[in-house]
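Chemist: Right, I'll just put the structure down here and ask away after.
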Amino acid sequence: MSHISPVLEAHVFEARDFVGGHPVLDFINTVTGRDQTPRDWLPDYDAWLAWLARSSVCSAPDVEQLAARAAEAPGTAERALRDAKRLREALFGIVGARSHGAPVAAADLETLERAWKRAMNGRRLIATAGRIGFDDPADPADVHLPVHRLALDAVKLLEASPDGRLRMCAGSNCAWLFIDRSKTGRRKWCDMATCGNVAKARRHYRAVRRAPDGSASHDTPD
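The sequence shown begins at 1 in UniProt numbering and counts up one residue at a time.
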């Protein structure tokens, strides 16, 4: 897929924008239409906060503190957003490659590794409920908190998810990524209610045009 710089676009996030099956994939999907006319739904830090408020990456109190910190240091907040977008593009490259069984670019891995190392800096091993693990980088005063959490979650996702279950939507002007949790492992669309229905409508239209009497031929459903 050729790289085209996305157009910044204001967007009101709704539940239908969170269909990737994982917050990291939903984050990557804040650029839509990568295969045709890419639009970036994070034009500014306020949009970033709006997405975080709908996602599971940060709690509502976290988002409030991030907003307060951004108001105090807008330049720092904008740099954090640029770092988030840099991570987002690297993750798209990695997950997109895996979804097609293609080699992962070394530069994308290096970007993720740097973000992961920054997120791990200062974390401590703790014992809770009989289990050993790292504490959470949960300082809402740090405007990089969401990026840290996404980097950590991304590595966990890539370690745990089989290649065949990380998919790219087959719809036109989409290229969203998702986890295929269907029993058959043959899911094609990010959401049947959007890309799936559009594809079926187009197929039906083509079938009607082909049929001599104007009736639809019997296409095999997706």
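Backbone N, C-alpha and C define an ideal beta-carbon position, used for all residues, glycine too. Computed from a predicted model, the values in this text were never measured in an experiment.
Alpha carbon to alpha carbon, how far is residue 37 from residue 173?
Modeler: Position 37 of the sequence shown, counted from the first residue, corresponds to residue 37. Position 173 of the sequence shown, counted from the first residue, corresponds to residue 173. So the two alpha carbons sit approximately 7 Å from each other.
Chemist: Does the Cβ of residue 167 have 16 or more other Cβ atoms within 10 Å, making it buried, or fewer, making it exposed?
Modeler: Sequence index remark: in the sequence shown, residue 167 carries index 167 (1-based). Result: buried.
Chemist: Curious, which full-length alpha helix (DSSP H) runs of at least 4 residues does the stretch 29 to 110 contain?
Modeler: Counting only runs of 4 or more, we get 45 to 54, 60 to 72, 74 to 99.
Chemist: Is the stretch 119 to 130 in contact with the stretch 58 to 70, if contact means three or more CB pairs nearer than 8 Å?
Modeler: Result no; under three Cβ-Cβ pairs closer than 8 Å.
Chemist: How long is the line joining the alpha carbons of residue 26 and residue 65, rounded to whole angstroms?
Modeler: Your numbering for residue 26 matches position 26 in the sequence shown. Your numbering for residue 65 matches position 65 in the sequence shown. Cα-Cα distance, rounded: 22 Å.
Chemist: Strictly by DSSP, which residues pair up with residue 128?
Modeler: Your numbering for residue 128 matches position 128 in the sequence shown. BP columns for residue 128 point to 131.
Chemist: Report all residues from its chain with a CB closer than 6 Å to the CB of residue 170; omit the five preceding and five following residues, and keep chain order.
Modeler: Locating residue 170 in the sequence shown gives position 170, where the first residue counts as 1. Result list for residue 170: 188, in chain order.
Chemist: Would you mind working out which of 115, 136, 117 sits nearest residue 125, comparing C-alpha positions?
Modeler: Taking the sequence shown and counting its residues from 1, the one referred to as residue 125 is at position 125. That would be 136, whose Cα lies nearest to the Cα of residue 125.
Chemist: Looking at the strands, I want to know which residues DSSP matches up with residue 179.
Modeler: Counting from one through the sequence shown, the residue named residue 179 turns up at place 179. In the DSSP output, where bridge partners are listed per residue, residue 179 has 166.
Chemist: CA-CA distance, residue 6 and residue 30?
Modeler: Working through the sequence shown from its first residue, we reach residue 6 at position 6. Working through the sequence shown from its first residue, we reach residue 30 at position 30. Taking the straight line from one Cα to the other gives about 11 Å.
Chemist: Spell out a yes or no on whether the stretch 11 to 27 and the stretch 44 to 57 are touching, meaning 3 or more CB-CB pairs, one atom from each, closer than 8 Å.
Modeler: Verdict: yes, contact present.
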